[in-house]
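Just so you know, the sequence shown maps onto residues 3 to 88 in my numbering.
Below is one structure, written out as structure tokens, with a few remarks after it.
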Amino acid sequence: MGGMTMQLKVKLFAMLREQLGETVTLNLGDKATAEAVKPALIERFPAAKPILETARLAINQDFVSDEAMTLAPGDEVALIPPVSGG
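Below, the structure written as structure tokens:
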């Protein structure tokens, strides 16, 4: 049955939080993978593309190493931009 969607809340940190807010809700296909998160956010927030492209994606508090991983309803999704210190 196609057309089913899943709603995910994406927690944002650092510069992304300042630009877009603490969380963003995405509606993705029910068989969406981790690699669908960034393009969906870039489509919605094109001005944030440079930061979104370099941000690390974490699912359920683990950094994603396999972007083909299928997301599930209730997964905790987070995007963490690169951090530099001085």
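Backbone N, C-alpha and C define an ideal beta-carbon position, used for all residues, glycine too.
Identified DSSP bridge partners for residue i
i	result
methionine 8	Leu30
arginine 58	Ile82
aspartate 64	Ile61
leucine 14	Leu81
Beta-carbon spacing of residue i, residue j below 7 Å
i	j	result
arginine 46	isoleucine 82	no
leucine 10	leucine 28	yes
methionine 17	aspartate 32	no
glutamate 78	asparagine 62	yes
Outcome for residue i when other beta-carbon atoms lying within 10 angstroms are tallied against a minimum of 16
i	result
alanine 70	exposed
valine 39	buried
alanine 49	exposed
valine 85	exposed
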